[in-house]
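Position in the sequence shown (first residue = 1) + 107 = the numbering used here.
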Amino acid sequence: MTDEQFPFPGIPATADGSAAVVWVDTHITQGACAYPITPSTNMGTGYQAEVANGTRNLWGEPLFFIEPESEHSSASACEGFALAGGRVSNFTSGQGLVLMKEVLYTIAGKRLPAVFHIGARALTSQALNVHCGHDDVMAVADVGWGMLFAKNAQDAADLALIARRAAEEGETPFMTVQDGFLTTHTIENILLPELELMKEFIGDPHGGTRLRNLMNPLQPIMSGVVQNQDSYMKGKIAQRFFYDRLPTIVEGVMERFYSLTGRRYGLVEAYKLEDADYAIVGMGGLVETAMATVDYLRTHRGIRAGALHVTSFRPFPGPQIVEATKHLKAMAVIERMDNPLAQSNPLTAEIKAAFADAATGAPEFPPIGRLPIIYSGSAGLGSRDIRPGDLVAAIDNMRRDDGGSRYFVVGIKHDLALVPADDPDVRPSGTFSMRGHSVGGFGSVTTNKVIATIVGDLFGLKVQAYPKYGSEKKGLPTTYYLTVANERIRTHCELTQVDFVPLNDINAFNLGNPLAGLATGGMVFIQTDKKTPEEVWTGIPDYAKRIIRERRIRVLALDTVKIAREVASSADLEQRMQGIVLLGIFLRCTPFLREQQLSEEQVFPAVERSLRKYFGKRGEQVVRDNMAAVRRGYTEVFEVPAETMAYVETGG
């Protein structure tokens, strides 16, 4: 089928995984019940904002949102709404998901097709962490729900639709899972599902038989009853009817989605596995980084590597995994959790079980010869960075003459850790990257999102923007990242090779080397109250001066604090608006306007549209203030000339 034959190719946009889910669910559901918990909060607040704005779903019904006193209560509220035949959602993470567990069993047992969206988060098993881990999802893997894992924001949108249709056809509740912060808060190019697609694919909640009102007095039925020894087991085992047919239902729904959109999903997603000897296997964004690393290994080292993303953890695709990987010499199953008391971590254990069944001739499995060696690794716990070098080390570990370490960790110093020999740059050719150093509360993270939106929408380029959030409060250092390329960006890791480093944090030079990884000929912007290039250069530490001169780095400067103070119409905006000044500096000093041959008159209307998207709800004056800040950043930024740097350095 050619691209022209797909009736719903998608609406080009930029969004993070949270916004992608909100776009889908505010169109196809009737309501949501949720209690805010990081990092799923943006999904709940996004849905709630649409309710406040009077949004109606595709069938003209007003949406509702309930925020009860806990995650447990929110799950119970969803259960009640689904019992009455409603189409309902929930958004949660971490301890919130585990707190719901009691209710999750009952929702599944009553065959209620609810869909919960999870921003996967590490559990407080060692310390409190609000960042990514998969142990929250694995803690509820036995509750009888389907579970679909997204690699990126596009997956998050599409799987929200696929899970909803599969839940209703299969009479089984589903979870969609995306990596907390690493997907929920990462802006990327995305094809939003069209309204007509969603309406056709999901169907009117009142127009069919897939949603049933179990509270209808005209059709009385008992639900959630007490059963003794004579009945409970019969009912429990009888539910295998629903689960045995679920893989076929999910695959059928995914195939119908492909026929409408051209975007193909399966229970697993194989990448260059056909002739591979070694593979990285996992769930979530780390597998996209693995895909980019596979390309590097094949091109630069001649290693026949591949990757496998397990999209459906429930129903578990044992036969599909065996079929995709049975020819490998070895695979490394890398998971965002660690359960040392188990034989293996959850995904690894299930894959081993699948191969055990295949080896003993279970009829649903393909015939196999020798078994690939299955290695197990833990990585990315609490959003610890997973780098291409870590994945190269995992491949090299499997190729060692002594057989390597069957269990390993990457990304930390530990006796079990694999130490990367190098950390290759696996970004697309011609990529432009930015790493900013700021302070929480300055508005820099929002500015980074606005920049990504403008670059993606106006210049037609691929973008990826994400922050390195901390659990600390405002006023402490924050790092944020932006990547711009002509082709799809697969890497989901912190940027070490960059072309532009904005320093809104005046202490950045004292907290390490903010110029690390800055390319020769790159740019650094310094927030400063100094008025002249000579004063700016004098204030830079000697170690940074040497790096700047050796790498011929351009030095830009401006007092963004002063501009924010002068243009902000209210005192509460002064601190946050200094970050938005960077947008004007970015447009003035980066190559995109020149390369696209666009004038200021063409660009600033697009800037205003993006600012309205982010700040319009705060009123017209806030939009105007932000526009004024951007224009002043564009016109007032100044550069330290090369001769000034040379003169002051030798003369001082």
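Beta carbons are placed, not taken as given, at the ideal position from N, Cα and C, and that holds for glycine. Note that the coordinates shown come from a computational prediction; the quantities given were computed from them, not determined experimentally.
Nearest-angstrom Cα separation, counted from residue j out to residue i
i      : j      : result
Val250 : Tyr350 : 12 Å
Phe281 : Leu268 : 11 Å
Ser761 : Arg408 : Residue 761 lies beyond the stretch modelled for the chain, which goes from 108 to 759, so this question has no answer here.
Gly758 : Val730 : Any reading at Gly758 needs caution, since the residue's pLDDT is 45, under 50, leaving its predicted position unreliable; the model's value is listed next. Roughly 46 Å between the two C-alpha positions.
Glu157 : Thr751 : 53 Å
Leu694 : Gln704 : 12 Å
Pro143 : Ser125 : 13 Å
Glu756 : Ala749 : Any answer about Glu756 is weak, because its pLDDT of 47 lies below 50 and its placement is not dependable; what the coordinates show is given next. Cα-Cα distance, rounded: 11 Å.
Ser512 : Met505 : 8 Å
Met108 : Val737 : With a pLDDT of only 49 at Met108, under the threshold of 50, the placement of this residue in the model should not be trusted, and no figure is reported.
Asn296 : Gly192 : 35 Å
Glu601 : Gly518 : 12 Å
Pro621 : Leu415 : 35 Å
Val552 : Ala257 : 23 Å
Phe699 : Ser706 : 11 Å
Gly496 : Asp402 : 13 Å
Ala528 : Thr635 : 39 Å
Val222 : Ala456 : 26 Å
Arg319 : Leu190 : 8 Å
Val516 : Phe172 : 42 Å
Ala397 : Val357 : 25 Å
Arg491 : Arg443 : 9 Å
Pro300 : Pro640 : 50 Å
Arg271 : Phe616 : 49 Å
Val605 : Arg542 : 7 Å
Ala501 : Leu525 : 7 Å
Val714 : Gly310 : 37 Å
Ile558 : Pro648 : 29 Å
Leu298 : Arg371 : 13 Å
Endpoints, alpha helix (DSSP H) assigned at residue i
i      : result
Gly154 : The question names Gly, but residue 154 is Tyr in the sequence shown. Thr148 to Ala159 is the extent of the alpha helix (DSSP H) around Tyr154.
Thr121 : Thr121 -> not in any alpha helix (DSSP H); beta strand (DSSP E) instead, spanning Ile118 to Ala122.
Ile309 : Leu302 to Ile309
Leu367 : Leu353 to Thr368
Close Cβ partners of residue i (< 8 Å) along its chain, the five nearest in sequence each way excluded
i      : result
Glu209 : His179
Val744 : Phe632, Leu663, Ala664, Leu665, Gly691, Ile692, Arg695 and Cys696
Ser232 : Asp242
Gly331 : Thr213, Gly216 and Lys217
Of the listed residues the options, nearest to residue i (C-alpha basis)
i      : options                           : result
Ala735 : Gln685, Glu750 and Val608         : Gln685
Leu583 : Thr742, Asn611, Gln334 and Glu601 : Asn611
Ala412 : Thr418, Leu404 and Ser419         : Leu404
Ala229 : Pro146, Met541 and Ala260         : Pro146
Met150 : Tyr365, Gly240, Ala215 and Ala264 : Ala264
Gly537 : His544, Val570 and Lys556         : Val570
Thr406 : Pro531, Gln202, Phe549 and Gln634 : Pro531
Gly563 : Asn593, Gly548 and Ala664         : Asn593
Ser540 : Asn617, Arg507, Ala524 and Val631 : Val631
Leu255 : Lys669, Gly373, Ala469 and Lys724 : Gly373
Ala274 : Asn614, Asp286 and Gly359         : Gly359
Val388 : Arg595, Lys433 and Thr162         : Lys433
Cys239 : Ser485, Ala437 and Ala469         : Ser485
Residue(s) in a DSSP beta bridge with residue i
i      : result
Val591 : Phe539 and Val570
Asn197 : Phe223
Cys140 : Ile173
Ser545 : Thr585
His416 : Glu376 and Gly389
Thr667 : Answer is none; Thr667 lacks a bridge partner.
Glu442 : Ser485
Met254 : Met282 and Arg421
Residues of its chain near residue i, where Cβ-Cβ distance is below 7 Å and the 5 sequence neighbours each way are ignored
i      : result
Gln728 : Ser676
Arg672 : Glu681
His134 : Asn164, Leu165, Leu302 and Met305
Gly153 : Ser125, Ala126 and Val129
Val195 : Thr136, Gln137, Gly138, Ala139, Cys140, Cys185, Phe188, Ala189 and Ala221
Cβ-based neighbour list, residue i, same chain, cut-off 6 Å, excluding 5 preceding and 5 following
i      : result
Phe762 : Absent from the model: residue 762. The displayed extent of the chain is 108 to 759, so no value can be given.
Arg597 : Glu395, Met398 and Ala399
Ala753 : none
Met322 : Leu190 and Ala191
Range covered by the beta strand (DSSP E) that runs through residue i
i      : result
Arg421 : Ser419 to Arg421
Gly484 : Ile480 to Ser485
Leu298 : Ile294 to Leu299
Tyr514 : Tyr514 to Val516
Phe607 : Val605 to Leu610
Glu746 : Phe745 to Val747
Thr627 : Leu625 to Gln634
Asp286 : Phe281 to Asp286
Any C-beta of chain D under 9 Å from that of residue i
i      : result
Leu230 : No chain D is part of this structure, which consists of one protein chain only.
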